[in-house]
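For the sequence shown, the numbering used here gives the first residue as 7, with consecutive numbering after it.
Presented below is the structure to which this report refers.
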Amino acid sequence: EVDFTVILQQDGEVKVIGSNAHGQFGIEGSFFVTPTSIATDVIDIAAGDKFVLLLKNDFTVVSCGDNRLGQLGNGTFDNSSEFIQIFDSAASIYAAKNTAFILRANGELWAWGQNNIAQTGLGKQSCFNTPTLAAENVSLISTSGTHTVILNGNYEILATGSSVYAQTGLADSANKFAAFSKASKEN
(Lines of atoms letter the chains of each structure in order from A and count residues from 1; the text may use other names and numbers.)
(Lines give C-alpha, C1' and ligand atoms only; values in the text may rest on other atoms or scores of the structure.)
Protein backbone atom coordinates (compact mmCIF):
# COMPACT_ATOMS: atom_id res chain seq x y z
CA GLU A 1 0.00 0.00 0.00
CA VAL A 2 1.42 3.34 -1.07
CA ASP A 3 0.71 6.05 1.49
CA PHE A 4 2.84 8.86 0.11
CA THR A 5 3.20 11.02 -2.99
CA VAL A 6 6.35 12.18 -4.76
CA ILE A 7 6.07 15.28 -6.97
CA LEU A 8 8.60 16.39 -9.60
CA GLN A 9 8.32 20.09 -10.39
CA GLN A 10 9.35 21.60 -13.73
CA ASP A 11 12.42 23.22 -12.15
CA GLY A 12 13.76 19.81 -11.01
CA GLU A 13 12.77 20.18 -7.37
CA VAL A 14 11.19 17.11 -5.75
CA LYS A 15 8.53 17.46 -3.07
CA VAL A 16 6.82 14.79 -0.98
CA ILE A 17 3.67 14.47 1.07
CA GLY A 18 2.31 11.67 3.28
CA SER A 19 3.97 8.94 5.32
CA ASN A 20 7.75 8.64 5.60
CA ALA A 21 7.52 5.53 7.81
CA HIS A 22 10.28 3.71 5.90
CA GLY A 23 12.61 6.70 5.45
CA GLN A 24 11.81 6.85 1.73
CA PHE A 25 11.94 10.67 1.69
CA GLY A 26 15.55 10.79 2.85
CA ILE A 27 14.74 13.39 5.50
CA GLU A 28 13.77 13.41 9.19
CA GLY A 29 10.10 13.21 10.08
CA SER A 30 7.45 10.52 9.90
CA PHE A 31 4.52 12.32 8.26
CA PHE A 32 4.15 15.41 6.08
CA VAL A 33 0.81 17.15 5.52
CA THR A 34 2.19 19.85 3.20
CA PRO A 35 4.52 19.33 0.20
CA THR A 36 8.09 19.28 1.51
CA SER A 37 11.24 19.63 -0.61
CA ILE A 38 13.68 16.68 -0.56
CA ALA A 39 15.89 17.16 -3.66
CA THR A 40 16.78 19.42 -6.57
CA ASP A 41 18.35 18.84 -10.00
CA VAL A 42 16.08 15.83 -10.67
CA ILE A 43 14.73 14.87 -14.13
CA ASP A 44 12.67 11.76 -13.30
CA ILE A 45 11.09 10.08 -10.27
CA ALA A 46 9.78 6.58 -9.54
CA ALA A 47 8.26 5.14 -6.39
CA GLY A 48 7.41 1.65 -5.23
CA ASP A 49 5.38 0.67 -2.19
CA LYS A 50 7.87 2.00 0.37
CA PHE A 51 10.86 3.31 -1.59
CA VAL A 52 11.81 6.18 -3.91
CA LEU A 53 14.18 6.46 -6.89
CA LEU A 54 15.41 9.77 -8.27
CA LEU A 55 17.13 10.30 -11.63
CA LYS A 56 19.39 13.31 -11.22
CA ASN A 57 20.22 15.70 -14.07
CA ASP A 58 23.73 14.18 -14.27
CA PHE A 59 21.97 10.83 -15.15
CA THR A 60 22.84 9.17 -11.84
CA VAL A 61 20.17 7.27 -9.90
CA VAL A 62 19.75 7.47 -6.13
CA SER A 63 17.41 5.42 -3.92
CA CYS A 64 16.02 5.54 -0.41
CA GLY A 65 13.54 3.69 1.84
CA ASP A 66 12.50 0.08 2.47
CA ASN A 67 14.97 -2.49 1.16
CA ARG A 68 13.84 -5.83 2.61
CA LEU A 69 13.68 -7.31 -0.93
CA GLY A 70 16.68 -5.46 -2.40
CA GLN A 71 14.51 -2.82 -4.08
CA LEU A 72 16.98 -0.01 -3.36
CA GLY A 73 19.62 -1.68 -5.53
CA ASN A 74 22.41 -0.65 -3.15
CA GLY A 75 23.96 -4.12 -2.68
CA THR A 76 22.34 -4.77 0.72
CA PHE A 77 18.97 -5.69 2.17
CA ASP A 78 19.20 -2.90 4.76
CA ASN A 79 16.71 -0.03 4.74
CA SER A 80 18.16 3.43 4.09
CA SER A 81 16.80 6.79 5.19
CA GLU A 82 19.47 8.57 3.13
CA PHE A 83 19.63 8.70 -0.66
CA ILE A 84 22.47 6.53 -1.97
CA GLN A 85 23.76 6.57 -5.56
CA ILE A 86 23.23 3.18 -7.19
CA PHE A 87 23.73 3.75 -10.94
CA ASP A 88 25.04 6.19 -13.52
CA SER A 89 24.24 6.73 -17.20
CA ALA A 90 20.49 6.15 -16.84
CA ALA A 91 17.92 7.55 -19.28
CA SER A 92 14.76 6.68 -17.32
CA ILE A 93 13.65 4.89 -14.14
CA TYR A 94 10.66 2.73 -13.22
CA ALA A 95 9.37 1.23 -9.98
CA ALA A 96 6.36 -0.81 -8.90
CA LYS A 97 5.65 -2.55 -5.62
CA ASN A 98 9.10 -3.98 -4.69
CA THR A 99 10.87 -3.99 -8.07
CA ALA A 100 12.77 -1.31 -9.95
CA PHE A 101 14.20 -0.78 -13.43
CA ILE A 102 16.62 1.51 -15.24
CA LEU A 103 16.51 2.00 -18.99
CA ARG A 104 19.73 3.31 -20.49
CA ALA A 105 19.93 5.34 -23.71
CA ASN A 106 21.65 2.38 -25.42
CA GLY A 107 18.56 0.17 -24.82
CA GLU A 108 19.90 -1.81 -21.85
CA LEU A 109 17.27 -2.60 -19.23
CA TRP A 110 18.61 -3.13 -15.70
CA ALA A 111 16.40 -4.64 -12.99
CA TRP A 112 16.47 -5.44 -9.28
CA GLY A 113 14.29 -6.08 -6.25
CA GLN A 114 11.64 -8.73 -5.68
CA ASN A 115 11.69 -11.45 -8.34
CA ASN A 116 9.57 -14.23 -6.81
CA ILE A 117 7.62 -14.69 -10.06
CA ALA A 118 10.35 -13.52 -12.47
CA GLN A 119 8.78 -10.07 -12.77
CA THR A 120 12.21 -8.50 -13.34
CA GLY A 121 12.94 -10.63 -16.41
CA LEU A 122 16.07 -12.02 -14.78
CA GLY A 123 14.79 -15.56 -15.19
CA LYS A 124 15.28 -17.04 -11.73
CA GLN A 125 13.32 -16.78 -8.54
CA SER A 126 15.24 -14.61 -6.11
CA CYS A 127 15.62 -11.08 -4.87
CA PHE A 128 18.32 -9.01 -6.53
CA ASN A 129 19.88 -6.22 -4.47
CA THR A 130 21.95 -4.67 -7.25
CA PRO A 131 20.94 -3.51 -10.73
CA THR A 132 21.37 -6.51 -13.05
CA LEU A 133 21.17 -6.52 -16.86
CA ALA A 134 17.76 -8.01 -17.78
CA ALA A 135 17.39 -7.21 -21.50
CA GLU A 136 18.97 -5.31 -24.36
CA ASN A 137 17.55 -3.38 -27.32
CA VAL A 138 14.62 -2.12 -25.20
CA SER A 139 12.59 0.90 -26.30
CA LEU A 140 9.74 0.99 -23.76
CA ILE A 141 8.82 -0.70 -20.48
CA SER A 142 5.65 -1.12 -18.44
CA THR A 143 5.67 -2.82 -15.06
CA SER A 144 3.09 -3.60 -12.40
CA GLY A 145 5.36 -5.16 -9.82
CA THR A 146 4.06 -8.65 -10.64
CA HIS A 147 4.72 -8.65 -14.38
CA THR A 148 6.71 -6.57 -16.84
CA VAL A 149 6.18 -5.92 -20.55
CA ILE A 150 8.76 -4.37 -22.88
CA LEU A 151 8.88 -3.22 -26.47
CA ASN A 152 12.20 -3.94 -28.11
CA GLY A 153 13.91 -2.20 -31.01
CA ASN A 154 12.46 -4.77 -33.43
CA TYR A 155 8.92 -3.71 -32.38
CA GLU A 156 8.36 -7.01 -30.59
CA ILE A 157 6.42 -7.11 -27.33
CA LEU A 158 8.10 -9.28 -24.70
CA ALA A 159 6.76 -10.12 -21.25
CA THR A 160 7.64 -11.91 -18.02
CA GLY A 161 6.18 -12.55 -14.59
CA SER A 162 2.67 -13.32 -13.42
CA SER A 163 0.21 -14.24 -16.14
CA VAL A 164 -2.61 -15.62 -13.99
CA TYR A 165 -5.08 -13.35 -15.80
CA ALA A 166 -3.20 -13.46 -19.15
CA GLN A 167 -1.90 -9.93 -18.45
CA THR A 168 1.43 -10.70 -20.11
CA GLY A 169 -0.17 -11.65 -23.42
CA LEU A 170 1.68 -14.96 -23.33
CA ALA A 171 -0.02 -18.07 -24.70
CA ASP A 172 -0.95 -19.68 -21.38
CA SER A 173 -1.89 -18.37 -17.96
CA ALA A 174 1.05 -19.84 -16.05
CA ASN A 175 3.60 -17.60 -14.38
CA LYS A 176 6.73 -17.27 -16.48
CA PHE A 177 9.90 -18.06 -14.54
CA ALA A 178 12.20 -17.23 -17.41
CA ALA A 179 13.63 -14.27 -19.23
CA PHE A 180 11.34 -12.10 -21.35
CA SER A 181 9.18 -14.16 -23.75
CA LYS A 182 7.46 -13.02 -26.93
CA ALA A 183 3.83 -12.07 -26.35
CA SER A 184 1.17 -13.72 -28.47
CA LYS A 185 -0.28 -11.90 -31.50
CA GLU A 186 -3.49 -13.92 -31.05
CA ASN A 187 -4.71 -11.76 -28.15
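Where is the CB? At the ideal position from N, CA and C, for every residue including glycine.
The model shown is predicted, which means the values in this text are computed figures rather than measured ones.
### Task
State the DSSP-derived secondary structure class of T46, mapped to helix, strand or coil.
Start at 1 with the first residue of the sequence shown, and residue 46 comes out as number 40. Correct three-state label for T46: coil.
### Message
Across the stretch 64-80 and the stretch 128-141, are there enough close Cβ pairs to call them in contact, namely three or more that are closer than 8 angstroms?
### Response
yes
### Query
For the candidate residues G54, G129, C70 and G151, whose alpha-carbon lies nearest to that of A141?
On the sequence shown, residue 141 is found 135 positions in, with the first residue counted as 1. Nearest option by C-alpha distance: G129.
### Query
Could you give the C-beta distance for N143 and G159, rounded to a whole number, given that I count them as a contact under 8 angstroms?
The residue given as residue 143 occupies position 137 in the sequence shown. The residue given as residue 159 occupies position 153 in the sequence shown. Right, the Cβ-Cβ distance comes to about 4 angstroms (below 8 angstroms), so this counts as a contact.
### Query
So A52 packs on A111, CB below 8 angstroms; how close in whole Å?
Counted from its first residue, the sequence shown places residue 52 at position 46. Counted from its first residue, the sequence shown places residue 111 at position 105. With a Cβ gap of about 17 angstroms, A52 and A111 do not count as contacting.
### Query
Cα separation between T42 and F89?
Counting from 1 along the sequence shown, the entry for residue 42 is found at position 36. Counting from 1 along the sequence shown, the entry for residue 89 is found at position 83. For T42 and F89, the distance between alpha carbons rounds to 16 angstroms.
### Task
Any chance you could list the alpha helix (DSSP H) runs of at least 4 consecutive residues sitting entirely within the stretch 68-103, in chain order?
none
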